[in-house]
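Everything on this sheet refers to the single structure shown next.
Put into structure tokens, the structure is as follows:
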């Protein structure tokens, strides 16, 4: 059965506060401090930040804990690690569905700190090193290819200042896209960067161009997720292989 954060906090606090615990380093952390640390873990789990919760638990595990506290942290770590694996399943499902931008947002939501735990879990799925999942490569001797813009009339999900919206591309330029977005208040024509859109059911070729757009925007994670999306959607073009070498 899954172990809830509340159960672990209660059990660990009771054990740490036990009168029979020896007054020595073996007594572990002060009960109030231990409860505060695990309460922070519980808060991150409630927010869906399983990566951040796992990072916090690893820090707690490095502290001088008594046997009961170590057992509580170990059980909670196992539970959070399972949650993170399930979240990575969701991310892979988004990539299979061509939702690269949404997948990136999901990964970032898993870890509000440095992203290390979430990146490591996802990197294992993508057969990459965690260190190479988010970084932006240094430009080489040749300039990076410029992303080919998406086609006019293409329907996309776009990140706008007010949130995500569905729009249709009415103009595409090297520096971005102009969309036609219909809302209850009327029709607007916002300009957005290509890295801020997600086409409906993208082709592998479109995913490759979106990876390039993300690379030029300095978003290494998004670039690699779009490349993974292209791979999952059956792409195998020379341009795709060039992007792969850039992101290696």
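In our numbering, the protein residues as written are 579 to 826. Cβ atoms here follow ideal geometry from the backbone N, Cα and C, with glycine treated the same way.
Check, Outcome
"Can you have a look at residue 628 and say buried or exposed, based on whether 16 or more other CB atoms are within 10 angstroms of its CB?", "buried"
"Roughly how many angstroms separate the alpha carbons of residue 699 and residue 715, rounded to a whole number?", "21 angstroms"
"Any chance you could list the alpha helix (DSSP H) runs of at least 4 consecutive residues sitting entirely within the segment 694-772, in chain order?", "694-704, 709-712"
"Enumerated in chain order, which unbroken segments of the alpha helix (DSSP H) with a length of 4 residues or greater are wholly contained in the segment 789-826?", "798-810, 816-824"
"So residue 808 and residue 774 are in contact, right, with Cβ under 8 angstroms, and what is the actual spacing, rounded?", "At roughly 18 angstroms, the Cβ-Cβ gap does not stay under 8 angstroms, so residue 808 and residue 774 are not in contact."
"What ranges does the alpha helix (DSSP H) occupy inside the segment 614-661, keeping only unbroken runs of at least 4 residues that lie completely in it?", "628-639"
"Which residues bound the beta strand (DSSP E) around residue 777?", "775-777"
"State the CB to CB distance for the pair residue 658 and residue 638, rounded to an integer number of angstroms; the pair is presumed to be in contact (CB under 8 angstroms).", "Actually they are not in contact, since the Cβ atoms of residue 658 and residue 638 sit about 11 angstroms apart, beyond 8 angstroms."
"Would you kindly work out how many angstroms separate the C-alpha atoms of residue 818 and residue 615, rounded to a whole number?", "45 angstroms"
"Quick one: using the 10 Å Cβ neighbour count with 16 as the cut-off for buried, is residue 786 buried or exposed?", "buried"
"Does the separation of the CB atoms of residue 688 and residue 665 fall below 7 angstroms?", "yes"
"I need the straight-line Cα distance from residue 820 to residue 723, nearest angstrom please.", "9 angstroms"
"Take the Cβ of residue 600 as the centre, count every other Cβ of all protein chains shown within 10 Å, and call the residue buried at 16 or more, exposed below.", "Confidence at residue 600 is low in this model, with a pLDDT of 41, below 50, so its placement is unreliable and the value that follows should be read with caution. Residue 600 comes out exposed."
"Considering only the beta carbon of each residue, do residue 755 and residue 768 sit closer than 7 angstroms?", "no"
"State whether the segment 666-686 contacts the segment 775-782, with contact taken as three or more CB pairs (one from each stretch) at a distance under 8 angstroms.", "yes"
"Between the alpha carbons of residue 631 and residue 789, how many angstroms are there, rounded?", "29 angstroms"
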